[in-house]
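Under my numbering, the first residue of the sequence shown carries the number 216, and numbering increases by one thereafter.
For each residue, glycine too, the CB sits at the ideal point set by N, CA and C.
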Amino acid sequence: MEGDEIKQLVMGGAFLVLGVFIYLKAKRAQRKAAEEA
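And the structure:
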């Protein structure tokens with residue numbers, strides 16, 4: 216396995232985790248706003 220391949224894999228994994236984190240954070244904020252209204 217090439218080092219470049221590993222780098223791509225790590226970048227993809229980090230991007231995925233970041234996306235899920237942002238998604239959950241947005242959902243939580245949305246729910247909190249809905250409760251306040």
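Per DSSP, the unbroken alpha helix (DSSP H) holding Glu-251 starts and ends at 218-251.
Straight through space, the alpha carbons of Lys-240 and Ile-221 are spaced by roughly 28 Å.
Taken atom to atom, the span from the alpha-carbon of Tyr-238 to that of Asp-219 is near 28 Å.
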